[in-house]
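J.:
Residue numbers (the numbering used here): -12 to 254.
This is the structure in structure tokens:
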């Protein structure tokens, strides 16, 4: 076995403990007020469990609906370590691993996540899983994922890099998709599919302040700089953004933030 994995043979790895789910729910609903049903659908299956584990789940929604950010924020609030992997051009060897006799040899993505976080139950987020279908390796990738999603096979997953069996049955798989059509039925059948909604115009007064606060933080400011939006500012946003993709709203709010800062500098 590769030297970097020697320590993992000596002791069992921990699993992510379960946080206070009502607190997680409140935080997520505040950030995603249009996705209450999704929040509840995900959290209800965690009730009563001692550790965080999500059965393979696909968040299906339109581009810009916020499903990738939701997947990340959900995992962060649950306190589970995670990896986000873009599926465009993803190969079977990247998912299932390659033998270390090759110069490009590496473990499967699940094993790498376990090693990186020293946790037996990380969450692997596969972003835009339908894009796997454009790869010339698509059949192999889907077959590998089916094996990783099945409890029986993931419990004794043979990793070609380690040349050993690994228990990956505690790894959670969370996926986003804009469409289900490119995803084989055999893979879909092994997943829970949740339809992620688009935000509506009525959610603007709740979404815009959250976006403004996040943009200030990302720009290196204290979040207290994100003072409440004035009525005329909300009216200006509402006159342009009428619901749908959050990306245009984020650009509008960022423009508003920059205008605020320009006004402050002139004062």
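Note that beta-carbon positions come from the ideal geometry of N, C-alpha and C, so glycine has one too.
Considering Cα atoms alone, identify which of 69, 230, 245 and 24 is closest to residue 200.
T.: Counting from one through the chain shown, the residue named residue 200 turns up at place 213. Of the candidates 69, 230, 245 and 24, the one whose C-alpha sits nearest the C-alpha of residue 200 is 245.
J.: DSSP on residue 143, reduced to helix/strand/coil?
T.: For the purposes of this step, residue 143 is identified with residue 156 of the chain shown, where counting begins at 1. Note: residue 143 maps to coil in three-state DSSP.
J.: Return helix, strand or coil for residue 281, following the three-state DSSP convention.
T.: As displayed, the chain neither begins before -12 nor continues past 254, which places residue 281 out of reach and without an answer.
J.: Can you give the Cα-Cα distance for residue 62 and residue 111, rounded to whole angstroms?
T.: Working through the chain shown from its first residue, we reach residue 62 at position 75. Working through the chain shown from its first residue, we reach residue 111 at position 124. Their Cα atoms are separated by approximately 10 Å.
J.: With a floor of 4 residues, list each alpha helix (DSSP H) that falls wholly inside the region 28 to 94, ordered by position along the chain.
T.: 54 to 65 and 79 to 83
J.: What residues are listed by DSSP as bridge partners for residue 164?
T.: Position 177 of the chain shown holds residue 164. According to DSSP, residue 164 bridges with 47.
J.: For residue 114, write down the residues that DSSP places opposite it in a beta bridge.
T.: For this step, residue 114 is matched to residue 127 along the chain shown. Its beta-bridge partners are 73.
J.: Are at least three pairs of beta-carbons, each pair with one atom in the region 94 to 111 and one in the region 132 to 150, less than 8 Å apart?
T.: With a cut-off of 8 Å, the region 132 to 150 and the region 94 to 111 count as touching, because enough Cβ pairs lie within range.
J.: When you compare the CB positions of residue 28 and residue 181, do they come within less than 7 Å of one another, or not?
T.: As a first step, residue 28 is located in the chain shown; it is residue number 41 there, counting from the start. As a first step, residue 181 is located in the chain shown; it is residue number 194 there, counting from the start. Yes.
J.: Tell me the DSSP bridge mates of residue 181?
T.: Along the chain shown, one-based indexing puts residue 181 at 194. Residue 181 pairs with 46.
J.: For the alpha helix (DSSP H) containing residue 152, list its first residue and its last residue.
T.: For the purposes of this step, residue 152 is taken as the residue at position 165 of the chain shown. Careful: residue 152 lies outside any alpha helix (DSSP H), inside the beta strand (DSSP E) at 151 to 153.
J.: Compare the Cα-Cα distances from residue 113 to each of 213, 159, 107 and 152 and report the closest residue.
T.: Translated into the one-based positions of the chain shown, residue 113 becomes position 126. Closest in C-alpha terms to residue 113, from the list 213, 159, 107 and 152, comes 159.
J.: Go ahead and pull the three-state DSSP assignment for residue 207.
T.: Counting from one through the chain shown, the residue named residue 207 turns up at place 220. Three-state result, residue 207: coil.
J.: Select from 233, 226 and 101 the residue whose C-alpha is nearest the C-alpha of residue -1.
T.: Counting from one through the chain shown, the residue named residue -1 turns up at place 12. Of the candidates 233, 226 and 101, the one whose C-alpha sits nearest the C-alpha of residue -1 is 101.
J.: If we count Cβ pairs, one from each stretch, closer than 8 Å, do we get three or more for the region 170 to 186 versus the region 22 to 42?
T.: yes
J.: Give the straight-line distance between the Cα atoms of residue 68 and residue 250, rounded to the nearest whole angstrom.
T.: The count along the chain shown starts at 1 and reaches residue 68 at position 81. The count along the chain shown starts at 1 and reaches residue 250 at position 263. Straight-line Cα distance between these residues: approximately 41 Å.
J.: Please name the residue, chosen from 4, 197 and 131, that lies closest to residue 211 on a Cα-to-Cα basis.
T.: Sequence index remark: in the chain shown, residue 211 carries index 224 (1-based). Answer by Cα proximity: 197.
J.: Within 10 angstroms of its Cβ, does residue 107 collect 16 or more other Cβ (buried), or is it exposed?
T.: The residue labelled residue 107 in the question sits at position 120 within the chain shown. Residue 107 is classed as buried because its beta carbon has at least 16 other beta carbons within 10 Å across all chains shown.
J.: Based on the DSSP output, what are the partners of residue 232 in its beta bridges?
T.: On the chain shown, residue 232 is found 245 positions in, with the first residue counted as 1. None; residue 232 has no bridge partner.
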